[in-house]
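All remarks here apply to the structure that follows.
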Amino acid sequence: MLLELDDLRVHYGKVEALKGISCTVDAGEIVTLIGANGAGKTTTLKTISGVRPVTSGRILFDGEEINDVPPHRRVEMGICQAPEGRGIFPGMTIIENLEMGAYARTDRRKGGLEGDYERVFQLFPRLAERRKQQGGTLSGGEQQMLAIGRALMARPKLLLLDEPSMGLSPIFVNQIFKIITEINQQGTTVLLVEQNAAQALQLARRAYVVETGLVVKAAPAAELLADEDVKRAYLGGDVTR
19 MLLELDDLRV HYGKVEALKG ISCTVDAGEI VTLIGANGAG KTTTLKTISG VRPVTSGRIL
79 FDGEEINDVP PHRRVEMGIC QAPEGRGIFP GMTIIENLEM GAYARTDRRK GGLEGDYERV
139 FQLFPRLAER RKQQGGTLSG GEQQMLAIGR ALMARPKLLL LDEPSMGLSP IFVNQIFKII
199 TEINQQGTTV LLVEQNAAQA LQLARRAYVV ETGLVVKAAP AAELLADEDV KRAYLGGDVT
259 R
């Protein structure tokens, strides 16, 4: 087991955002969290990354409890996130943004990044064409590609993706989900938060439904695609593969 959340509780002031979430991610999987806005999905990812402190419960990564491990150390351990809203550096070029993703690596000053640049550019040919262009001049889809590429530069064991399809055209959405599949096939475990529940469930192996800070359903993604309650709440009716 690569990641385990055990009865995780998290507060924003007096408001309890996570009320005892438990879930697991095995090495090599794509696992998705689905649910309505405000359910606690993004807070879950932020807590795994170390951006939000844990009130109680445990986060175990690769068998080690990491509740008190600072965010930069978690990146070094192999956890990296492409955040909601992309969060790229708009005044930096694509290459400079990608280099920032490798800040925790000790080999970045010794020519150790070339293979990683090549991997990102193979996954995202658009970025290769625009490598000297400033991030702020890219389209929304290209910025999302850059955010994922930057996260990959850390060589993560676990890639956290928060709403990668948000605000994108259908063509870019399809491209992004195909690339997530390819990243996973290359050996990176993925924990995905995604409002497009149908796409997420078709992509993932397993899924958790989160409501008001709690996991209310957990099952193989294919089972949740066929679940009548999930269809009514999140899929807008029947969904076929």
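Under the numbering used here, the first residue of the sequence shown carries the number 19, and numbering increases by one thereafter. Just so you know, even glycine gets a beta-carbon here, dropped at the ideal spot from N, CA and C.
For PRO143, the enclosing alpha helix (DSSP H) covers residues 143-147.
Distances from the CA of GLU47 to each of GLU136, HIS29, VAL208, ARG104 were compared; the closest alpha carbon is that of VAL208. In this structure, DSSP gives ARG70 a state outside helix and strand, which the three-state scheme calls coil. If you check the CB distance, THR60 and VAL28 do not come in under 7 Å.
The Cβ-Cβ distance between GLU22 and THR42 falls below 7 Å. Secondary structure at PHE195: helix, using DSSP grouped into helix, strand and coil.
Residue pairing for ALA237: DSSP places it in a beta bridge opposite ALA225.
Contact between the stretch 162-180 and the stretch 125-145 is established, with three or more Cβ pairs separated by less than 8 Å. Distance from the CA atom of ARG250 to the CA atom of LEU243, rounded to whole angstroms, is 11 Å.
Bounds of the alpha helix (DSSP H) holding ALA169 are 158-170. Taking the C-beta atoms as reference points, SER67 is found nearer than 7 Å to GLN99. When the alpha-carbon of GLU160 is set against those of ASP86, LEU176, LEU141, the nearest one is in LEU141. Assigned with DSSP and collapsed to three states, GLN99 falls in strand. In this structure the stretch 104-124 does not touch the stretch 197-215; the number of beta carbon pairs closer than 8 Å is below three.
For the set ARG149, ALA54, ASP80, the Cα lying nearest the Cα of MET110 is the one of ARG149. Here the alpha carbon of GLU102 sits roughly 7 Å from the alpha carbon of PRO182.
The beta carbon of VAL72 is closer than 8 Å to those of LEU26, ARG27, VAL28, THR65, ASN85 in its chain, skipping five residues each way along the sequence. Collapsing the DSSP output to three states places VAL49 in a strand.
ILE113 sits in a helix when the DSSP states are folded into three classes. Per DSSP, the beta bridge partners of ILE39 are LEU26.
The residue among PHE139, LEU36, VAL93, ARG223 with its C-alpha nearest the C-alpha of ALA45 is ARG223.
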